[in-house]
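Quick mapping for you: the protein sequence lines, in order, are chains D and L.
Count along the first sequence from 1, add 17, and you get the number used in our numbering.
Count along the second sequence from 1, add 17, and you get the number used in our numbering.
Okay, so here's the structure we're looking at.
There are 2 protein chains.
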Amino acid sequence: MNIKIMKSIFSDNQNLANENRVYFNENNLSVINVLASPGAGKTSTIMELIKCFSSYNIGVIEGDIASSIDAEKISKMGVKSVEINTDGACHLNAISILEATKNLSISNGIVFIENIGNLVCPSEFDLGEKLKLLIASVPEGDDKPYKYISIFQKADIIALNKWDLESVVEFDYAYFERGVKAINPKAEIIKISCKNKLGLEYLANSIKEYTKNTYESK
Amino acid sequence: MNIKIMKSIFSDNQNLANENRVYFNENNLSVINVLASPGAGKTSTIMELIKCFSSYNIGVIEGDIASSIDAEKISKMGVKSVEINTDGACHLNAISILEATKNLSISNGIVFIENIGNLVCPSEFDLGEKLKLLIASVPEGDDKPYKYISIFQKADIIALNKWDLESVVEFDYAYFERGVKAINPKAEIIKISCKNKLGLEYLANSIKEYTKNTYESK
Numbered sequence: 018m019n020i021k022i023m024k025s026i027f028s029d030n031q032n033l034a035n036e037n038r039v040y041f042n043e044n045n046l047s048v049i050n051v052l053a054s055p056g057a058g059k060t061s062t063i064m065e066l067i068k069c070f071s072s073y074n075i076g077v078i079e080g081d082i083a084s085s086i087d088a089e090k091i092s093k094m095g096v097k098s099v100e101i102n103t104d105g106a107c108h109l110n111a112i113s114i115l116e117a118t119k120n121l122s123i124s125n126g127i128v129f130i131e132n133i134g135n136l137v138c139p140s141e142f143d144l145g146e147k148l149k150l151l152i153a154s155v156p157e158g159d160d161k162p163y164k165y166i167s168i169f170q171k172a173d174i175i176a177l178n179k180w181d182l183e184s185v186v187e188f189d190y191a192y193f194e195r196g197v198k199a200i201n202p203k204a205e206i207i208k209i210s211c212k213n214k215l216g217l218e219y220l221a222n223s224i225k226e227y228t229k230n231t232y233e234s235k
Numbered sequence: 018m019n020i021k022i023m024k025s026i027f028s029d030n031q032n033l034a035n036e037n038r039v040y041f042n043e044n045n046l047s048v049i050n051v052l053a054s055p056g057a058g059k060t061s062t063i064m065e066l067i068k069c070f071s072s073y074n075i076g077v078i079e080g081d082i083a084s085s086i087d088a089e090k091i092s093k094m095g096v097k098s099v100e101i102n103t104d105g106a107c108h109l110n111a112i113s114i115l116e117a118t119k120n121l122s123i124s125n126g127i128v129f130i131e132n133i134g135n136l137v138c139p140s141e142f143d144l145g146e147k148l149k150l151l152i153a154s155v156p157e158g159d160d161k162p163y164k165y166i167s168i169f170q171k172a173d174i175i176a177l178n179k180w181d182l183e184s185v186v187e188f189d190y191a192y193f194e195r196g197v198k199a200i201n202p203k204a205e206i207i208k209i210s211c212k213n214k215l216g217l218e219y220l221a222n223s224i225k226e227y228t229k230n231t232y233e234s235k
């Protein structure tokens, strides 16, 4: 019974995600779903990427279970943002993204979606995005690709943030990379540090390359 | 409709959690639900606490969505452990805990439950535990109590791990503490470092004090 309910939720969401892709295509929007655990640096990375994409029309959808701390940071940059407060729910879904994107009222540009800080549930919900950007971080440890398989498997680009801490904490990069490659050989892993401004232009260029492709219906 | 389903799930779980408390009481078990985001240091903290409680009967229930990395670490210590592999699900529930505790077949001691690495969903599921131990960590940032309100609100003791990194990353302890006290004035915050063996005996003593109380039906 439970399984049936979940199947229905997932398939409804999938249909809506496909509708989102039509809207994003019509409005020439590259939509980037930013996923990470709490405190890995989603907001910081989005803020750095906004600087790299300064010549683009940019909008940000801020998902939060409570508080508007992140949305306020984005607003202070003078960037259009819409907040989705899930009131406790653990992921964003396709229907709320369509509404939020329409509220942003931008076209010919980039929309960043900051998903809920959670390495489990958001991986199951297609939002219609062109790119899933997963942000891992060095202090979380090198074993995360082995433990949170679904989200590492579905990521298109993996940014490994807080690389500045690599000399301070024990982090076996080769082990981390092996874990990713075993389940997702296509995903590029890019070392970044928002603190030391490392790797961010490179990440922005990889995002540009990736988002040249058209949306794929799923 | 959705809300009704969720209410039913929560109330069924609550009844089962109360049944768990009866079993834990009869077997004189102090059950500790260890909650944290991915990479905050749940396994490391449990391993350090096991050393502090070396004269006790100890069992560990290892919750994981995939992999048995953590369960293997515990087994290597010669401690009884049972693994619950949720196959993608984002939290542990009361029914699986009763089964796992029976499988451990210990009495007059302590059972640590390592919950799924997730600051959102596990907070909603009472497992019948005597104590919710939330492990936050310095590199996650000082704003987490403001963003993940439910889990910070429900924690009985908050261990702030990776305190050794406090001088390396920007972490405003006063801001963190204010966030906790605003929503959960009773919870004790204890700074620890599993790397530098800081605060762990103190944490173990606080756990001993807390678990002297009897189980409260909810």
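Ideal Cβ positions, reconstructed from N, Cα and C, are used throughout, including at glycine.
Excluding the 5 residues preceding and the 5 following D/E157 in the sequence, name in chain order all residues of the same chain whose CB lies nearer than 8 Å to its CB.
S54, A57
Per-residue contacts from D/Y163 into chain L (C-beta, under 7 Å):
In chain order: S84, I86.
Along the stretch 171–190 of chain L, what residues have a CB closer than 9 Å to any CB found in chain D?
K179, D181, L182, V185, V186, E187
Buried or exposed: which applies to L/M94, given that a residue is buried once 16 or more other Cβ atoms fall within 10 Å of its Cβ?
exposed
Reduced DSSP category for D/N110 - H, G, I as helix; E, B as strand; rest coil:
D/N110: coil per DSSP, three-state reduction.
In angstroms with no decimal places, state the Cα-to-Cα distance between D/N19 and D/I26.
Caution applies to D/N19, whose pLDDT of 38 falls short of 50 and renders its modelled position unreliable; the model cannot decide the point.
Could you check whether the stretch 26–41 of chain L touches the stretch 60–73 of chain D, counting it as contact only if at least three pairs of C-beta atoms, one from each stretch, sit closer than 8 Å?
The answer is no - the stretch 60–73 of chain D does not touch the stretch 26–41 of chain L, with fewer than three Cβ pairs under 8 Å.
Within chain D, partners of L/C107 - CB distance below 8 Å:
Result: C107, N135, V137, C138.
Along the alpha helix (DSSP H) that carries L/S154, what are the first and last residues, could you check?
Here L/S154 belongs to no alpha helix (DSSP H); instead the beta strand (DSSP E) covers 148–154.
Measure from the C-beta of L/D29 to each C-beta in chain D and report whether the shortest distance is under 8 Å.
False, the Cβ-Cβ gap to chain D never drops below 8 Å.
Contact between the stretch 119–126 of chain L and the stretch 34–51 of chain L is defined here as three or more beta-carbon pairs at a separation below 8 Å; is this criterion met?
yes
Rounded to the nearest angstrom, what separates L/A106 and L/N74 at their Cα positions?
If you take the alpha carbons of L/A106 and L/N74, they lie about 30 Å apart.
Could you name the residues of chain D that L/E157 contacts, counting a contact when the two beta carbons are closer than 7 Å?
P55, G56
Where L/D81 meets chain D, residues with beta-carbon distance less than 8 Å:
Simply K164.
What is the DSSP secondary structure of L/A191, counted as helix, strand or coil?
helix
Within 8 Å (strictly less), CB to CB, does L/D160 reach chain D?
yes
Tell me, please, whether the CB atom of L/S92 is closer than 8 Å to any CB atom in chain D?
no
L/A117 versus D/N42 - alpha carbon distance:
50 Å
Segments of 3+ residues assigned as beta strand (DSSP E) that fall wholly inside the stretch 76–127 of chain D:
97–102
For L/I209, which of helix, strand or coil comes out of DSSP?
coil
By Cβ distance, which residues of its chain are closer than 8 Å to L/L115, with the 5 residues on each side in sequence left out?
L33, E36, N37, Y40, G145
May I have the straight-line CA-CA distance separating L/V128 from D/E89, to the nearest angstrom?
42 Å
First and last residue of the uninterrupted alpha helix (DSSP H) at L/N50
Looking at the DSSP string, L/N50 is not in any alpha helix (DSSP H); the run it does join, the beta strand (DSSP E), is 46–53.
The alpha helix (DSSP H) with L/N222 in it runs from where to where?
217–227
Against D/S167, what residues of chain L qualify as contacts under a CB-to-CB distance less than 9 Å, listed in chain order?
The answer, in chain order, is I82, A83, G105.
Helix, strand or coil for D/I130, going by three-state DSSP, please let me know.
The answer is strand: DSSP assigns D/I130 an E or B state.
Spatial neighbours of D/I207 in its chain, beta-carbon cut-off 8 Å, leaving aside the 5 residues before and after:
I174, I175, A176, L177, G216, Y219, L220, S223
Give me whichever residues DSSP pairs with D/N74 in a beta bridge.
D/G126
Test item: CB-CB of L/V77 and L/E131 under 8 Å
yes
For D/Y232 and D/K147, what's the separation of their Cα atoms in angstroms?
6 Å
Just tell me which of L/S154, L/A191, L/E141, L/Y192 has its CA closest to the CA of L/Q170.
L/E141
Nearest candidate by alpha-carbon position, reference D/D160, set D/V197, D/T60, D/K149, D/P202
D/V197
Whether D/L52 touches D/L150 by CB criterion (8 Å)
yes
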